[in-house]
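What follows is a single structure, written as structure tokens, with notes after it.
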Amino acid sequence: MMQAEAAKSTTSTNSEWKPKHVLRKRILVRYELYLMLFIPIIWYILFKYVPMYGITIAFKDFSATKGILGSPWAGLAHFERFFSSVYFWELLWNTISLSLFQLLFGFPIPILLALLLNEIRLRWLQKLLQNVSYIPHFLSIIVLVGMLNIFLDPETGKINQILMMLGMDSVNFMQKAEWFQTIFVSSGIWQHMGWGSIIYLAALSGIDPTLYEAAKIDGATRLQRIKHVSIPGIMPTIIILFILQIGQLMDVGFEKALLMQNPINASKSDILPTFVYKNGIMGGQFSYTAAAGLFNAVIDFTLLVLVNWFAKKKTDSSLW
Amino acid sequence: MLVKTRKRMMMMLAAALTATTLTSACSNSKEEPVTSPGNTDAASNLTEAGFPIVNEPVTLKVFGCKDPNHAEWGDVLIFKEYEKMTNVKLQFDELPANAQGCDEKRNLLFAANELPDIFLRANLTNTDIARYGQQEQMLIPLEGLIDEHAPNLKSIFEQYPEVKKSVTAADGHIYSLPTVRLQSSGRSEKIWINKEWLARLDLKAPTNVDELFTVLRAFRDNDPNGNGKQDEIPLGLRDIGMVYSTFSGSFGLEQQMGYQINIKDDQVNIWLKDERFKELLQFLNQLYSEKLLWQDFYAGDIPNWRSNLSQALIGMFFIQASDPFLQVENQFTGMTPIVGPHGDQTHSATGPIAAPIGTFAISKVNKNPEAAIRWVDYFFSEEGSKFFQYGVEGETYTMKDGKPVIHDSIKNDSRGFMAALGQVNLVPGGSFPHVVTDTFGNIVENDKVLEANQFIEDYLPETVLGAPIFDKATSDQIIPIKADIDKYVRESVAKFIIGELSFDKWGEYAATLEKMKIDVLQKAYQDAYDAKK
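Respectively, the protein sequence lines represent chains H and A.
Going by the UniProt record's numbering, 46 is the number at position 46 of the first sequence; the sequence numbering is gapless.
Going by the UniProt record's numbering, 254 is the number at position 254 of the second sequence; the sequence numbering is gapless.
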């Protein structure tokens, strides 16, 4: 990419090419680069765009024998059924509230952790904390949910034993709908905050040390240095990662929600992706759930565009 | 320049990362030539009758659901033996080892039109049969083949018309074959109670609701297993589905047509919003709040339940056979259903003769449907049933007084009886197309189980109707309704029992069911009932 940039600067100064042929000539001269570019483009078309025709089953009555193209059209019937379903609002709200909750708490904590780690002057302690905090990232979801079940057990779980020692009643956390989101989000933060802070730490290490020195000379305290040097320094990274998070807003951890689900907490834990899985893959209602899945994707996409537009307007950073 | 490039690079990278993948089922929509069953080559390869079934070896691709207790199907003794007898070779492709994985794989096979030759123990549901049989014709009708090539099945159908009715879809065709349980014991969950605990506490098996509470409370408080710990589970229902079947008979509720249905004077009634059901839930709620009912029953953690059971920590429970607690089975005895508050005393935890019905089906890509139907027909004979359940004489069982007796090496295997049996056959987990008769019995039903069965035998409903297979129009209409209702009821029932939802909200619950069109569902069952009457 850097080469391409450099190439552009040299070719644009070359005045003997007629403007009309500039592009073709440029391509011919650096054809190797374009050939290399070709590979990912093909990959995108083949594996990301071509399969999208399968979305059409959301508008059809999918029949396996007739195939995706041959199935009869159903118009918006599946969407109508989905939107008028008794569970629509509950599903939508569960999904959105869980994502927002996750974003609200899950997003700032890695930044705080990175700022904190960055301020630790003892190198070994900094490295130790960093390692300790990111190891949980490598636990598989199934192990994590198993740990939750063990630690939160009403009889034998450590958390409840502590509660009971303090004279409180034990709470069957995993079976309470009102606890579901809290457990889901906080365990997610515990698991991923270390990992999430890596990018911020890298960005922090990229800040010019002379800025800190200058601030110090001007008499800035530690907090002031964080406020006026560190945070502005990593702001572009924060915004990009924020936009990325928004793009996945509705894409909350499907496996985890499914694993944590039981009939008692379903009124909170049933989210769009688990609904699609249970009714589509397990229940064989492919068209109907394709409609639900497409609806999910449309919300994601709209949010992404909106947030990006907002970021572009308010700051200099945006995806496009 | 460099800074700008770096920034742009980062943006590109970020943009690439955002590319969200839209999931969509991909399918091979290749036009499959419709193979007419009865290809001349295949027909001439077929032998007259008996074994082998074909002269030249034939290979059938099989899809099925493996039970955790099964060995790899290719290594299962009866499959290896049967292949030698029949010349029909089975080819097993990746069989998922858990129920959820299996449902997923099966649906994807249908959706992608990548069909095996036969579905064997693939847990096909009535919806699957309606959808992929009646509607899509991916499964072929079997009645013609049965008439010509399956004498054993044919005679069962003639002798027991209800079996044929159970498997016949709304369009009059038969797309799948059932497990046929002619022995009454094989169809019912027995009621078990710990007689050692009763003896130690000087109590008798309960006969009504009050006595039940007395006994269970004693189980809870008086340390009947004498280990000084309060680790007893007075009443152990293993999952939420049992709410509908176990005590419901004592409240006058039955399980007809594979659903929460009572039939009276030809009137189908889904009792999910009836006062009687409310009473049943209140009864269970009281059991739960007094910690008499297993506190985790709704989580569906069967391994946990089994582990408690095998340690004899459960005082009272419902199960068909004693195989999960074989080592401690002598601590238990059967009991009769309790008399309910309105004097009802039926045992509803029972099923129809033909169930489950989706244990075997032939797909349209099968080139040898005749061989396939003859392959399965053997298991519907007395001999075949014995072979399927007990394996090879001399190797896995010996005949004693005309009854097969499984070898002790299998029964007392260190891995457990079921795991050892899973090396021999597919009995663990059931759902194999075969018949169970009184002659050779059911291998998992030992004398203890038959004894427990005597306690309930007199309290079974006169007939138990199987679940209907609806026609396309009805299916389209009721599948979404039923899905919504089932989800709502399952969640509400759990909440009512646990006390998360107060019974003041019963009216709301019933109103929601009305709103979900439970009357349309009831009408569909009524029509299906009338059609088969």
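Cβ coordinates follow ideal geometry from the N, Cα and C atoms, glycine included.
query: Whose CA, out of H/A177, H/K216, H/H137, lies closest to the CA of H/M193?
result: Counted from its first residue, the first sequence places residue 193 of chain H at position 193. Residue H/H137 is the option with its Cα nearest to H/M193.
- prompt: Would a check of beta-carbon distances place A/N131 closer than 8 Å to chain H?
  reply: In the second sequence, the residue the question calls residue 131 of chain A occupies position 131. According to the sequence as given, residue 131 of chain A is Arg; it is not Asn. Yes - at least one Cβ of chain H is within 8 Å of the one on A/R131.
field: Of the residues A/P57, A/V58, A/W73, the one placed nearest A/G64, counting alpha carbons only
entry: Along the second sequence, read from residue 1 onward, the residue named residue 64 of chain A stands at position 64. Closest option to A/G64, Cα to Cα, is A/W73.
- request: Please report how far the alpha carbon of A/P356 lies from the alpha carbon of H/M282, in whole angstroms.
  value: Taking the first residue of the second sequence as position 1, residue 356 of chain A is located at position 356. Taking the first residue of the first sequence as position 1, residue 282 of chain H is located at position 282. Answer to the nearest angstrom: the Cα atoms are 19 Å apart.
task: Output the distance between the C-alpha atoms of H/G206 and H/L115, rounded to the nearest integer angstrom.
output: Position 206 of the first sequence, counted from the start, is the residue given in the question as residue 206 of chain H. Position 115 of the first sequence, counted from the start, is the residue given in the question as residue 115 of chain H. Looking at the backbone, the Cα of H/G206 and that of H/L115 are separated by about 13 Å.
- request: Give the interface partners of A/A467 over in chain H, defined as CB-CB distance under 7 Å, in chain order.
  value: In the second sequence, residue 467 of chain A corresponds to position 467, counting from 1. Neighbours of A/A467 on chain H: none; closest Cβ ~16 Å, over 7 Å.
task: Would you please verify whether the beta carbon of A/L22 is less than 8 Å from any beta carbon of chain H?
output: Along the second sequence, one-based indexing puts residue 22 of chain A at 22. Note that A/L22 scores 32 on pLDDT, short of 50, meaning its location in the model is unreliable and no value can be drawn from it.
field: Endpoints, beta strand (DSSP E) assigned at A/T333
entry: For this step, residue 333 of chain A is matched to residue 333 along the second sequence. Element bounds for A/T333: 332-334.
field: Sub-8 Å separation of A/S245 and A/L280 beta-carbons
entry: Translated into positions along the second sequence, residue 245 of chain A becomes position 245. Translated into positions along the second sequence, residue 280 of chain A becomes position 280. No. Outside cutoff.
query: What do you reckon, are the CB atoms on A/G236 and A/W294 nearer than 8 Å?
result: Within the second sequence, residue 236 of chain A is the residue found at index 236, counting from 1. Within the second sequence, residue 294 of chain A is the residue found at index 294, counting from 1. Result yes, Cβ atoms of A/G236 and A/W294 sit closer than 8 Å.
- prompt: When Cβ atoms are compared, which residues of the region 296-307 of chain A fall closer than 7 Å to chain H?
  reply: Y298, A299
field: Start and end residues, beta strand (DSSP E) containing A/G236
entry: The sequence position of residue 236 of chain A within the second sequence is 236, counting from 1. Per DSSP, A/G236 belongs to the beta strand (DSSP E) from 233-236.
message: For a test of the three-state rule: what should DSSP assign to A/L198, helix, strand or coil?
response: Along the second sequence, one-based indexing puts residue 198 of chain A at 198. Helix, per DSSP.
- prompt: If we call anything under 8 Å between Cβ atoms a contact, is A/R220 one with A/P234?
  reply: As a working note, residue 220 of chain A is residue 220 in the second sequence. As a working note, residue 234 of chain A is residue 234 in the second sequence. The answer is yes: Cβ separation under 8 Å.
query: Under the rule that 16 or more other beta-carbon atoms within 10 Å means buried, what is A/W197, buried or exposed?
result: For the purposes of this step, residue 197 of chain A is taken as residue 197 along the second sequence, with counting starting at 1. So A/W197 ends up on the buried side.
field: Contacts of A/M138 in chain H (Cβ-Cβ under 8 Å)
entry: Reading the second sequence from its first residue, position 138 is the one you call residue 138 of chain A. What A/M138 touches in chain H: A64, T65.
query: If we ignore side chains and look at the alpha-carbon of each, how far apart do A/A312 and A/I406 end up?
result: Taking the first residue of the second sequence as 1, we reach residue 312 of chain A at position 312. Taking the first residue of the second sequence as 1, we reach residue 406 of chain A at position 406. Spanning the two alpha carbons is a distance of roughly 25 Å.
query: Counting pairs of Cβ atoms below 8 Å between the region 158-170 of chain A and the region 350-369 of chain A, do you hit three or more?
result: yes
query: What does a CB cutoff of less than 7 Å around A/V376 pick up in its chain, not counting 5 residues either side in sequence?
result: The sequence position of residue 376 of chain A within the second sequence is 376, counting from 1. Excluding residues within five positions, the ones whose Cβ falls inside 7 Å are L177, F360, P433.
- request: Could you please give the first and the last residue of the uninterrupted beta strand (DSSP E) stretch that includes H/I189?
  value: Reading the first sequence from its first residue, position 189 is the one you call residue 189 of chain H. Run containing H/I189: none in the beta strand (DSSP E); it sits in the alpha helix (DSSP H), 177-205.
message: For a quick check, are the C-beta atoms of A/K273 and A/I518 less than 8 Å apart?
response: Here residue 273 of chain A refers to the residue found at position 273 when the second sequence is read from its first residue. Here residue 518 of chain A refers to the residue found at position 518 when the second sequence is read from its first residue. Cβ distance < 8 Å, so A/K273 and A/I518 count as in contact.
query: Does the Cβ-Cβ distance between A/Y525 and A/I270 come in under 8 Å?
result: Along the second sequence, read from residue 1 onward, the residue named residue 525 of chain A stands at position 525. Along the second sequence, read from residue 1 onward, the residue named residue 270 of chain A stands at position 270. For A/Y525 and A/I270, yes; Cβs fall inside 8 Å.
- request: For A/D484, return the contacting residues in chain H, with the cut-off set at a CB-CB distance below 8 Å.
  value: For this step, residue 484 of chain A is matched to residue 484 along the second sequence. Within chain H, the residues near A/D484 are S85, V86, Y87.
- prompt: In terms of residue numbering, what span does the beta strand (DSSP E) encompassing A/A361 cover?
  reply: Along the second sequence, one-based indexing puts residue 361 of chain A at 361. Counting along the chain, the beta strand (DSSP E) containing A/A361 begins and ends at 360-362.
message: Considering Cα atoms alone, identify which of A/N126, A/Y509, A/F496, A/N69 is closest to A/Y298.
response: Residue mapping note: residue 298 of chain A aligns to position 298 of the second sequence, counting from 1. Per the Cα distances, A/F496.
query: Where does the unbroken alpha helix (DSSP H) through A/K523 begin, and where does it stop?
result: Walking along the second sequence from the start, residue 523 of chain A turns up at place 523. Element bounds for A/K523: 518-532.
A/Y529 to A/K264 span [Cα, whole Å]: Your numbering for residue 529 of chain A matches position 529 in the second sequence. Your numbering for residue 264 of chain A matches position 264 in the second sequence. If you take the alpha carbons of A/Y529 and A/K264, they lie about 12 Å apart.
- prompt: In chain order, what residues of the same chain have a beta carbon less than 6 Å from the beta carbon of H/V307, not counting five sequence neighbours either side?
  reply: For the purposes of this step, residue 307 of chain H is taken as the residue at position 307 of the first sequence. Answer for H/V307: I243, I246, listed in chain order.
Best match in H/T274, H/A266, H/F62 for proximity to A/Y488 [C-alpha to C-alpha]: For the purposes of this step, residue 488 of chain A is taken as the residue at position 488 of the second sequence. It is H/A266.
- prompt: By the 10 Å Cβ neighbour count, where 16 or more other Cβ atoms means buried, how is A/R374 classified, buried or exposed?
  reply: Along the second sequence, one-based indexing puts residue 374 of chain A at 374. Answer is buried; the Cβ neighbour count reaches 16.
Residue burial classification, H/T289 (beta-carbon count within 10 angstroms, cutoff 16): As a first step, residue 289 of chain H must be located in the first sequence, where it is residue number 289. Its Cβ being crowded by 16 or more others within 10 Å, H/T289 is buried.
task: Have a look at A/I78, A/D239, A/P341, A/G315 and flag the residue whose alpha-carbon is nearest the alpha-carbon of A/D301.
output: Residue mapping note: residue 301 of chain A aligns to position 301 of the second sequence, counting from 1. Ranking the options by Cα distance to A/D301, first place goes to A/D239.
- prompt: At a Cβ cut of 8 Å, what residues of the region 285-296 of chain H count as close to chain A, listed as they run along the chain?
  reply: Residues of the region 285-296 of chain H with a C-beta less than 8 Å from any C-beta of chain A: Q285, F286, Y288, A290, G293, L294, listed in chain order.
message: For H/P273, count the other beta carbons within 10 Å of its own beta carbon; 16 or more makes it buried, fewer makes it exposed. Which is it?
response: Position 273 of the first sequence holds residue 273 of chain H. The residue is buried, with at least 16 neighbouring Cβ atoms inside 10 Å.
Identity of the residue in H/I199, H/Q224, H/V229, H/F105 nearest residue 323 of chain H by Cα: No statement about residue 323 of chain H is possible, as the shown extent of chain H runs from 1 to 320 and does not include it.
query: Quick one: is A/Y509 buried, meaning 16 or more other Cβ sit within 10 Å of its Cβ, or exposed?
result: For the purposes of this step, residue 509 of chain A is identified with residue 509 of the second sequence, where counting begins at 1. Result: buried.
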